[in-house]
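Some notes on the structure that comes next.
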Amino acid sequence: DVKVTQSSRYLVKRTGEKVFLECVQDMDHENMFWYRQDPGLGLRLIYFSYDVKMKEKGDIPEGYSVSREKKERFSLILESASTNQTSMYLCASSTSGHGDIQYFGAGTRLSVL
Amino acid sequence: GNSVTQMEGPVTLSEEAFLTINCTYTATGYPSLFWYVQYPGEGLQLLLKATKADDKGSNKGFEATYRKETTSFHLEKGSVQVSDSAVYFCALSAGSSNTGKLIFGQGTTLQVKP
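Keeping their order, the protein sequence lines are chains A and B.
Heads up, the first sequence is in my numbering, so the first residue is 1 and it goes up one at a time.
Heads up, the second sequence is in my numbering, so the first residue is 1001 and it goes up one at a time.
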């Protein structure tokens, strides 16, 4: 079975802290994605990566950056956390084909105080 | 641009009732269409998919038919169970690129009461 593992289920951080959310997949997938999920807004794409060291902005990249140094790992970085970044963050991976299935991690619920 | 619109929830049904969750889309090209489900405390998982017009995806008693003429992909189940309580997301693949990007609807919460 495909496994996408997010390093933390719950995180509490303070405003202004630098926050790292880690995601690891074990299926050698080319693509990896970071979404945030908010009630009534569905999933919104923050960043995605289609290869090591390659990244593209999604719909809401402001205030975030990403790193993909190894194929299996994709990190989301909040350079200076703010209260409006309190949310559920979901990581996903997929192969590179059009219409391929995305596999999701369990999510990290981040609270910024 | 590409977009997905789902019916607003929450949807509350009694066990064994018939379920329909509406989904319509706007897209260029020939997208693939998906339904994902998110059970409480978990990430999303694929429920079913369809890759071309008139295809029917099915899984766990759920079905959805890719209707190009009405740009719809409505989710149906003949008899829901309490265990079907979850959030359901309709999604489409983003057209001609090979990046694997998906565009999601806002999600519909289903609550099934015994």
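Note that CB positions come from ideal geometry on N, CA and C, so glycine has one too.
So that I know if they touch, is there some Cβ in chain A lying closer than 8 Å to that of B/Leu1044?
Sequence index remark: in the second sequence, residue 1044 of chain B carries index 44 (1-based). Output row for B/Leu1044: interface = yes.
Min CB distance B/Lys1077 to chain A below 8 Å
Along the second sequence, read from residue 1 onward, the residue named residue 1077 of chain B stands at position 77. No - not a single Cβ of chain A is within 8 Å of the one on B/Lys1077.
Closest residue to A/Glu62 among A/Ser49, A/Asp28, A/Ser82 and A/Ser111 (Cα-Cα distance):
As a position in the first sequence, residue 62 of chain A is number 62, starting the count at 1. With distances taken between Cα atoms, A/Glu62 lies closest to A/Ser82.
Unbroken beta strand (DSSP E) run spanning A/Met88, endpoints:
To locate residue 88 of chain A, count along the first sequence from 1; it is residue 88. First-last of the beta strand (DSSP E) with A/Met88: Ser87 to Ser94.
Proximal residues of chain A, C-beta to C-beta of B/Phe1062 below 7 Å
Here residue 1062 of chain B is taken as the residue at index 62 of the second sequence, counted from 1. Within chain A, no residue comes near B/Phe1062; the closest Cβ sits about 16 Å away, beyond 7 Å.
Starting from the Cα of A/His29, find the closest Cα among A/Leu21, A/Lys18, A/Arg44 and A/Asp51 and give me that residue.
To locate residue 29 of chain A, count along the first sequence from 1; it is residue 29. It is A/Asp51 whose Cα lies nearest to the Cα of A/His29.
Put A/Ser80 into one of helix, strand or coil per three-state DSSP.
The residue labelled residue 80 of chain A in the question sits at position 80 within the first sequence. Correct three-state label for A/Ser80: coil.
Mind checking which residues open and close the beta strand (DSSP E) that includes B/Leu957?
The structure shown does not extend to residue 957 of chain B, since chain B spans only 1001 to 1114, so no value can be given for it.
Counting Cβ pairs, one atom from each stretch, are 3 or more of them under 8 Å apart for the segment 1070–1090 of chain B and the segment 1023–1043 of chain B?
yes
Hey, A/Glu22 and A/Ser65: beta-carbon distance below 8 Å or not?
Along the first sequence, one-based indexing puts residue 22 of chain A at 22. Along the first sequence, one-based indexing puts residue 65 of chain A at 65. No, the pair does not count as a contact, with Cβ atoms beyond the cut-off.
Taking 8 Å as the CB-CB cut-off, is B/Lys1101 touching chain A?
In the second sequence, counting from the first residue as 1, residue 1101 of chain B sits at position 101. Interface residue, yes.
Nearest-angstrom Cα separation, counted from A/Arg36 out to A/Glu72:
Looking up residue 72 of chain A in the first sequence gives position 72. Looking up residue 36 of chain A in the first sequence gives position 36. Looking at the two C-alpha atoms, the distance is approximately 20 Å.
Which word fits A/Tyr10, buried or exposed, when buried means at least 16 other C-beta atoms lie within 10 angstroms of its C-beta?
For the purposes of this step, residue 10 of chain A is identified with residue 10 of the first sequence, where counting begins at 1. Its Cβ having fewer than 16 others within 10 Å, A/Tyr10 is exposed.
Excluding sequence positions up to five away, which residues of its chain have a Cβ less than 6 Å from the Cβ of B/Ser1003?
As a working mapping, residue 1003 of chain B is identified with position 3 in the second sequence. So the qualifying residues of the chain are Thr1026.
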